[in-house]
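Student: Sending over a structure as structure tokens; questions will come in a sec.
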Amino acid sequence: MCRWLAYTGSPILLDELLYEPEHSLIEQSRFARLGAETTNGDGYGLGLYEGDGDDPPTVVRSTIPAWSDLNLRELAGHFRSRLFFAHIRASTGSAVQQTNCHPFRYGRWLWMHNGAITDFARLKRDLVFAVDPELYPAIEGSTDSEVMFFLALTFGLRQDPPAAVERMVGFVEWTGRRYGVEHAVQMTVATSDGERVWSFRYSSQNRSRSLFYSTEVRTLRQLHPEVFALERLSDDARIVVSEPLRNLPGAWNEVPESTYIVTEHGMHEVCPFRPTSPP
Numbered sequence: 001m002c003r004w005l006a007y008t009g010s011p012i013l014l015d016e017l018l019y020e021p022e023h024s025l026i027e028q029s030r031f032a033r034l035g036a037e038t039t040n041g042d043g044y045g046l047g048l049y050e051g052d053g054d055d056p057p058t059v060v061r062s063t064i065p066a067w068s069d070l071n072l073r074e075l076a077g078h079f080r081s082r083l084f085f086a087h088i089r090a091s092t093g094s095a096v097q098q099t100n101c102h103p104f105r106y107g108r109w110l111w112m113h114n115g116a117i118t119d120f121a122r123l124k125r126d127l128v129f130a131v132d133p134e135l136y137p138a139i140e141g142s143t144d145s146e147v148m149f150f151l152a153l154t155f156g157l158r159q160d161p162p163a164a165v166e167r168m169v170g171f172v173e174w175t176g177r178r179y180g181v182e183h184a185v186q187m188t189v190a191t192s193d194g195e196r197v198w199s200f201r202y203s204s205q206n207r208s209r210s211l212f213y214s215t216e217v218r219t220l221r222q223l224h225p226e227v228f229a230l231e232r233l234s235d236d237a238r239i240v241v242s243e244p245l246r247n248l249p250g251a252w253n254e255v256p257e258s259t260y261i262v263t264e265h266g267m268h269e270v271c272p273f274r275p276t277s278p279p
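Residue numbers 1 to 279, in the UniProt record's numbering, belong to the letters of the sequence shown in order.
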């Protein structure tokens with residue numbers, strides 16, 4: 001599968017999360033502990049929001065393994081962002097190419113995914129035909145993840161993200177059942193409009209991939225005054241990750257099964273996730 005992280009807070013160097021922690025995302029690209037695969041070497045991607053305007057986020061994607069890309073190391077040491085996505089890819093069958101690397105972008109929206117649609121090749125035609133014709137030309141790659149994104153956009157992601165993702169998942173499961181696919185969806189997903197981050201953990205089998213969110217920074221400083229890296233994070237900094245970046249007791253909270261969390265202004269709200277099938 002894949003590994004990913006989402007950060008929001010005061011601007012920080014990307015290096016502080018991508019490389020510095022002992023189990024950083026770059027380390028996870030070679031030695032993931034909780035993923036379906038140990039190695040995530042089929043490329044990487046970054047989505048960076050800069051400033052407070054309405055400009056779309058900057059997206060950088062590459063098929064080079066994250067651990068060996070010197071350009072990524074250089075970029076991470078010089079670029080800061082107040083809200084960014086980072087993703088390392090392990091393909092579930094689609095081609096290793098830039099347009100298949102996450103995150104995906106539409107306007108101000110970003111989307112990244114860990115997981116798969118079961119038997120996607122069988123379901124793909126019906127799923128793609130359900131995408132709004134006005135959105136369809138923006139699909140660039142061949143992954144199930146990007147189709148999920150454009151289905152969510154079709155079902156109202158820009159107006160009500162949780163409801164849209166619930167409709168998207170319900171539609172995929174409904175389509176799967178029509179083709180005899182009992183458990184169609186496996187996912188942890190993050191999406192953002194540049195102000196808030198929504199993170200979802202769900203699978204049709206009720207056995208989702210791992211997902212964690214960080215404890216309040218002020219609490220962490222009290223628990224671990226020896227970790228100087230915490231001093232560089234603002235009080236409102238929050239991180240959502242596939243795997244914990246540091247082995248710090250009390251630092252990480254597992255996202256419950258079949259839930260989503262909304263991250264905004266340093267706060268996490270945990271809510272139930274209930275897919276809705278077509279009538």
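C-beta: ideal position from N, C-alpha, C; glycine also. Since we're looking at a predicted model, the values are computed, not measured.
(1) Would Ser-204 be called buried (16 or more neighbouring beta carbons within 10 Å of its own) or exposed?
(2) How many Å lie between Gly-107 and Leu-46 at the Cα?
(3) Give the straight-line distance between the Cα atoms of Arg-246 and Gly-176, rounded to the nearest whole angstrom.
(4) My assumption, with CB atoms under 8 Å, is that Asp-193 sits in contact with Val-217. Please give the rounded CB distance.
(5) If you draw a straight line from the alpha carbon of Ser-68 to that of Ser-258, how long is it in whole angstroms?
(6) Report all residues from its chain with a CB closer than 8 Å to the CB of His-265; omit the five preceding and five following residues, and keep chain order.
(7) I'd like to know whether the C-beta atoms of Asp-126 and Thr-92 end up nearer to each other than 9 Å.
(8) Anyone know if the C-beta pair for Asp-132 and Val-181 falls short of 9 Å?
(9) On the three-pair Cβ rule with 8 Å, is the stretch 66 to 80 touching the stretch 13 to 27?
(10) Can the beta-carbon of Ala-86 be found closer than 9 Å to that of Tyr-7?
(11) Could you pull out every residue in the same chain whose Cβ sits closer than 7 Å to the Cβ of Phe-272, ignoring the five residues on either side in sequence?
(12) Can you tell me whether Asp-175 is helix, strand or coil according to DSSP?
(13) Pair every Cβ in the stretch 101 to 116 with every Cβ in the stretch 151 to 162, then say whether three or more of these pairs are closer than 8 Å.
(14) Please tell me whether Ser-277 and Glu-173 are closer than 9 Å, where the distance is taken between their beta carbons.
(15) With the cut-off set at 9 Å, would you say Ser-199 and Val-189 are in Cβ contact?
(16) From Thr-63, Met-112, Leu-72 and Glu-37, pick the residue whose C-alpha is nearest to that of Val-241; which is it?
(17) Can you give me the Cβ contacts of Val-169 inside the same chain, cut-off strictly under 6 Å, excluding the 5 residues immediately before and after it?
(18) Which term fits Asp-42, buried or exposed, when burial requires 16 or more other beta carbons within 10 angstroms of its beta carbon?
(19) When you compare each of Pro-244, Glu-226, Pro-162 and Phe-171 to Ile-261 by their alpha carbons, which one comes out closest?
(20) So which of Pro-244, Ile-239, Glu-243 and Leu-248 has the shortest CA-CA distance to Phe-228?
(21) Please name the residue in Pro-57, Thr-191 and Val-197 whose C-alpha comes closest to that of Glu-269.
(22) Which residues does DSSP list as the beta-bridge partners of Leu-18?
(23) Is the beta carbon of Lys-124 closer than 9 Å to that of Val-147?
(24) If I follow the unbroken alpha helix (DSSP H) through Leu-13, where does it start and stop?
(25) Going by C-alpha to C-alpha distance, which of Leu-34, Pro-56 and Ile-88 sits closest to Leu-18?
(26) Measuring only the C-alpha atoms, how far is Ala-130 from Leu-48?
(27) For a test of the three-state rule: what should DSSP assign to Ser-203, helix, strand or coil?
Tutor: In terms of the structure at hand:
(1) Burial of Ser-204 is indicated by the presence of at least 16 other C-beta atoms within 10 angstroms of its C-beta.
(2) Roughly 15 Å between the two C-alpha positions.
(3) So the alpha carbons of these two residues sit roughly 38 Å apart.
(4) Going by Cβ atoms, the distance from Asp-193 to Val-217 rounds to 23 Å, so no, they are not a contact pair.
(5) Distance between Ser-68 and Ser-258, taken at the CA atoms: about 35 Å.
(6) The residues are Asp-236.
(7) Between Asp-126 and Thr-92, the C-beta gap is not smaller than 9 Å, which leaves the two residues out of contact.
(8) No. Outside cutoff.
(9) With a cut-off of 8 Å, the stretch 13 to 27 and the stretch 66 to 80 count as touching, because enough Cβ pairs lie within range.
(10) Judged by beta-carbon spacing, Tyr-7 lies within the 9 Å limit of Ala-86, meaning their Cβ atoms are closer than that value.
(11) The amino acid occupying residue 272 in the given sequence is Pro; Phe does not appear at that position. Here the set comprises Ser-258 and Thr-259.
(12) The sequence given here places Thr at residue 175; Asp does not occur at that position. In this structure, Thr-175 counts as helix in the three-state DSSP scheme.
(13) Judged by Cβ distances under 8 Å, the stretch 101 to 116 makes contact with the stretch 151 to 162, as three or more pairs qualify.
(14) The answer is yes: Cβ separation under 9 Å.
(15) In this structure, Val-189 lies closer than 9 Å to Ser-199 by Cβ.
(16) Nearest Cα to Val-241 within the set Thr-63, Met-112, Leu-72 and Glu-37: Met-112.
(17) For Val-169, where only same-chain residues beyond five positions count, the Cβ hits under 6 Å are Val-185 and Pro-275.
(18) Classification of Asp-42: buried, given that the 10 Å Cβ count is 16 or more.
(19) That would be Pro-162, whose Cα lies nearest to the Cα of Ile-261.
(20) The option with the nearest alpha carbon to Phe-228 is Leu-248.
(21) Considering only alpha carbons, the answer is Val-197.
(22) In DSSP, Leu-18 forms no bridge with anything.
(23) If you check the CB distance, Val-147 and Lys-124 come in under 9 Å.
(24) Bounds of any alpha helix (DSSP H) do not take in Leu-13; it lies within the beta strand (DSSP E) bounded by 3 to 13.
(25) It is Ile-88 whose Cα lies nearest to the Cα of Leu-18.
(26) Cα to Cα, the separation comes out at about 29 Å.
(27) Here Ser-203 sits in strand by DSSP.
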